[in-house]
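Worksheet for the structure shown next.
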Amino acid sequence: MSNATLPEELRPLVHQEVDTLDDVGLETVHRVILRMRMEQSLERLDGMADEMRAKGVMETAARDHRRSPRRSPGAGHDRLH
Numbered sequence: 464m465s466n467a468t469l470p471e472e473l474r475p476l477v478h479q480e481v482d483t484l485d486d487v488g489l490e491t492v493h494r495v496i497l498r499m500r501m502e503q504s505l506e507r508l509d510g511m512a513d514e515m516r517a518k519g520v521m522e523t524a525a526r527d528h529r530r531s532p533r534r535s536p537g538a539g540h541d542r543l544h
């Protein structure tokens, strides 16, 4: 392994390592990347929710939702199954 830390140094090294993985290793790396992307997305959403809470948007949306007429679960939504 290399001591490279800069993205422009790491990228080709990571690509080289991935190219040598067997099927199981490749599957594992893919799951790790998906997990990392999911966590990044959740962090962004959490930050956005914090901003919305600070602006009072969440409370307004919750209040509007409580005031809206109740609908049956799934009303107006196409089923995926």
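For what it's worth, this note's numbering labels the leading residue of the sequence shown as 464, then goes sequentially.
Just so you know, even glycine gets a beta-carbon here, dropped at the ideal spot from N, CA and C.
* Asked: What is the DSSP secondary structure of residue 485, counted as helix, strand or coil?
  -> Coil at residue 485, not helix or strand.
* State the Cα-Cα distance for the pair residue 523 and residue 516, rounded to the nearest angstrom. => 9 Å
* Asked: Going straight from the alpha carbon of residue 504 to that of residue 512, what length do you get?
  -> 12 Å
* To do: Apply the 10 Å Cβ neighbour rule to residue 544 and answer buried if 16 or more other Cβ atoms are within range, or exposed otherwise.
  => With a pLDDT of only 48 at residue 544, under the threshold of 50, the placement of this residue in the model should not be trusted; the figure read from the coordinates follows. The residue in question, residue 544, is exposed, as its Cβ has fewer than 16 Cβ neighbours within 10 Å.
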